[in-house]
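Presented below is the structure to which this report refers.
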Amino acid sequence: MIYVTPTQMKIVELIVEKGIMDIDEIAKELGKKREDLMRELAELQRVELVEVVTRTKKLAKLNDKGVIYLKRPLPEEVVLELLEKGDVPISQLKDKLEKDEISAALGKLKAFKVVKMEKGVLRKAGDDKELREYIKRLKECISKYRFPSEPDDCFKLLKERGFVETEQRKIIEIKPTNKLIELWNQGKLVEKEVVTKLTSEMITSGKWKEITLKKFDLTIEMPSARGGKRHPLTELYDHVREVLISMGFEEASGNFVEHALWNFDVLLVPQYHPARYETDVFYVENAELPRPPEDVIERAKAVHERLYRYKWEAREALRLLLRTHTTAVSAHQMYERGDGEYKVFSLDRVFRSETLDQTHSMEFHQLEGIVVGRNVKFNHLLGFFKEFSKKMGLGEVKFKPAYFPFTEPSVEGFIRHPKLGWIEVFPGGMFRPELLEVVGLSKDYKVIAWGIGIDRIAMMLLDLDDIRDLYTNDLVTIRSLKQPLKVILGASSKG
339 MIYVTPTQMK
349 IVELIVEKGI
359 MDIDEIAKEL
369 GKKREDLMRE
379 LAELQRVELV
389 EVVTRTKKLA
399 KLNDKGVIYL
409 KRPLPEEVVL
419 ELLEKGDVPI
429 SQLKDKLEKD
439 EISAALGKLK
449 AFKVVKMEKG
459 VLRKAGDDKE
469 LREYIKRLKE
479 CISKYRFPSE
489 PDDCFKLLKE
499 RGFVETEQRK
509 IIEIKPTNKL
519 IELWNQGKLV
529 EKEVVTKLTS
539 EMITSGKWKE
549 ITLKKFDLTI
559 EMPSARGGKR
569 HPLTELYDHV
579 REVLISMGFE
589 EASGNFVEHA
599 LWNFDVLLVP
609 QYHPARYETD
619 VFYVENAELP
629 RPPEDVIERA
639 KAVHERLYRY
649 KWEAREALRL
659 LLRTHTTAVS
669 AHQMYERGDG
679 EYKVFSLDRV
689 FRSETLDQTH
699 SMEFHQLEGI
709 VVGRNVKFNH
719 LLGFFKEFSK
729 KMGLGEVKFK
739 PAYFPFTEPS
749 VEGFIRHPKL
759 GWIEVFPGGM
769 FRPELLEVVG
779 LSKDYKVIAW
789 GIGIDRIAMM
799 LLDLDDIRDL
809 YTNDLVTIRS
819 LKQPLKVILG
829 ASSKG
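To convert, note that position 33 of the sequence shown is 371 in our numbering; the numbers rise steadily by one, no gaps.
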């Protein structure tokens, strides 16, 4: 006779009747959670009554962006509805849709030749039948992938819109052994409650004589414990700090919550600029910071009104926000240190009002720095990018002219990604004289400023395609990541 628990007997009855079954099917039949059955299955496997087969299956499901459209109309639907009433100014769409939704809607409307745009106004230019069929099909696909499913034609359609994500799901199949079938047919399986823990109450009451205690196999080897180690991102950031310090830089830090003055106005971003809209920035209420120095406020006002010819408002500059870049740290450093020869960098978190997807996040790290001196030149910036790339094992750097509101001349540096080709990671330039005027530097001094997309570099070094994997708390994913120092040192030795 072999004794099995009531739950084990139910499992046996199912697989004897149906043969091979997925553990999720068994859990559904028994009204239990998948994880609650694992111990019972392990025991059945130990006594050779079942065979457990594990494999992985690629499944797809809606991501956060896709889930939104389970309840909301698609952006192109919204625009079509507006067009039914007549011509639509582009500015009117901002009241109905987010910035990325407007781009998506216009892209589809133009692709299906439904609209034409003249002087910022949308006009209906063609039949919308094909577009409406596309919308119907897309919504059917969105509904289908609300639960994890195997990728099909719908998956391709949703992937084009960035509405889905994939995951590797572990599939566990259970099948009966010949031994189980034989014992079942002979009626030698007996259902009985098996106790795994002997209590003092059982001993004193004498109940221990009536129960069946589970047998333990003390010869089974326990899995070895994993030692802790630094997260790959922490390892990379520490190495970056060592590289920059070896190049003569000092590290500086600042507040996550900052005045718009330091985040935007000091950096010559006009108060009417779209980059300051609530759609792009997390503004903070019910918080306080010490008022910025009055001389900075006055110089910012004078420079903005002279440069852009509008009425600058101190109230707008004093709004609090979660900083959108760490260049504000450099602005503080220049004001506090004044004239002199120094190199400063900051590696810290920044925040932007983004929709979380494969390449965007609301919170990420930014690396930026400045070099201040009398004889600082633009070619020193290019030389810095090349030297930093060499020390980080990033390979060749290519440059092209760029535009940024607070630097002139400006440049973008590109490195080659094995999958994505040339990607931009090194923006920089010479701070404009007007910016230096606001922070109080004299005209004898020049400043080169640079920013580095450190998370992009991290994704390249760790061979990741999804920024969410950089910040995951899934230990399996974290343990599978490459060690960045090995990648850097390996690339450097080849170079």
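From the three backbone atoms N, C-alpha and C, an ideal C-beta is built for every residue, glycine too.
Note that the structure is predicted; figures quoted are calculated from it, not measured.
Throw me the rounded Cβ distance for the residue i and residue j pair, which I believe falls under 8 Å.
i       : j       : result
Leu-658 : Leu-627 : 6 Å
Lys-403 : Phe-501 : 6 Å
Arg-507 : Lys-348 : Contact doesn't hold; Cβ gap of about 24 Å is too wide.
Val-619 : Ser-691 : 6 Å
Leu-660 : Arg-806 : Incorrect: roughly 20 Å between the Cβ atoms, too far for contact.
Pro-391 : Lys-513 : Checking the displayed sequence, the identity of residue 391 turns out to be Val instead of Pro. Sure, about 7 Å apart at Cβ, within 8 Å.
Gly-707 : Trp-788 : 6 Å
Leu-469 : Val-452 : 5 Å
Leu-447 : Val-426 : Actually they do not touch by this definition, with Cβ atoms about 10 Å apart.
Lys-552 : Val-532 : 5 Å
Asp-801 : Lys-820 : 6 Å
Phe-716 : Gly-751 : Phe-716 to Gly-751, Cβ: 13 Å. No contact.
Gly-711 : Glu-679 : 5 Å
Tell me where the beta strand (DSSP E) around residue i begins and ends.
i       : result
Gln-696 : Element bounds for Gln-696: n/a, residue is neither H nor E.
Gly-566 : Neither: Gly-566 is in no beta strand (DSSP E) and is coded neither H nor E.
Leu-659 : 658-660
Asp-686 : 680-689
Val-528 : 527-529
Lys-446 : Segment 437-449 is the alpha helix (DSSP H) holding Lys-446; no beta strand (DSSP E) there.
Tyr-741 : 736-742
For residue i, which of helix, strand or coil comes out of DSSP?
i       : result
Asp-576 : helix
Glu-468 : helix
Ala-652 : helix
Arg-754 : strand
Val-619 : coil
His-703 : strand
Pro-631 : coil
Lys-399 : strand
His-597 : strand
Gly-711 : strand
Gly-586 : coil
Gln-346 : helix
Leu-521 : helix
Leu-556 : coil
Pro-747 : strand
Lys-676 : In the sequence under discussion, the amino acid at residue 676 is Gly, which differs from the Lys named in the question. Coil, per DSSP.
Ser-831 : At Ser-831, the pLDDT of 49 sits below 50, so the modelled position is not reliable; the number obtained from the coordinates is stated separately. Note: Ser-831 maps to helix in three-state DSSP.
Gly-592 : coil
Val-874 : This structure cannot settle anything about residue 874, because the visible part of the chain is limited to 339 through 833.
Gly-721 : helix
Gly-369 : coil
Arg-410 : coil
Have a look at the DSSP bridge pairing and note the partners of residue i.
i       : result
Lys-508 : Thr-394
Leu-460 : Val-426 and Met-455
Met-359 : Ile-512
Phe-726 : The partner list for Phe-726 (beta bridge, DSSP) is empty, contrary to what the question assumes.
Val-388 : Pro-514
Gly-731 : Its beta-bridge partners do not exist; DSSP assigns none.
Gly-404 : Gly-404 pairs with nothing; no bridge assigned.
Where does the unbroken alpha helix (DSSP H) through residue i begin, and where does it stop?
i       : result
Ile-340 : Careful: Ile-340 lies outside any alpha helix (DSSP H), inside the beta strand (DSSP E) at 340-342.
Val-416 : 413-421
Ile-549 : It is not in any alpha helix (DSSP H) - Ile-549 carries neither H nor E in the DSSP assignment.
Glu-626 : Unbroken run through Glu-626: none, as it is neither H nor E.
Lys-542 : For clarity, residue 542 is Thr in the given sequence; the question names Lys instead. Looking at the DSSP string, the run of the alpha helix (DSSP H) that includes Thr-542 is 538-543.
Please specify which runs of the beta strand (DSSP E), each continuous and at least 3 residues long, are wholly inside the stretch 762-829, giving them in chain order. Annotation: the stretch 762-829 contains the following complete segments of the beta strand (DSSP E) (minimum length 3 residues), in chain order: 784-790.
Run through the stretch 480-504 for me and flag every whole beta strand (DSSP E) of 3 or more residues, listed as ranges in chain order. None, since the stretch 480-504 contains no complete beta strand (DSSP E) of that length.
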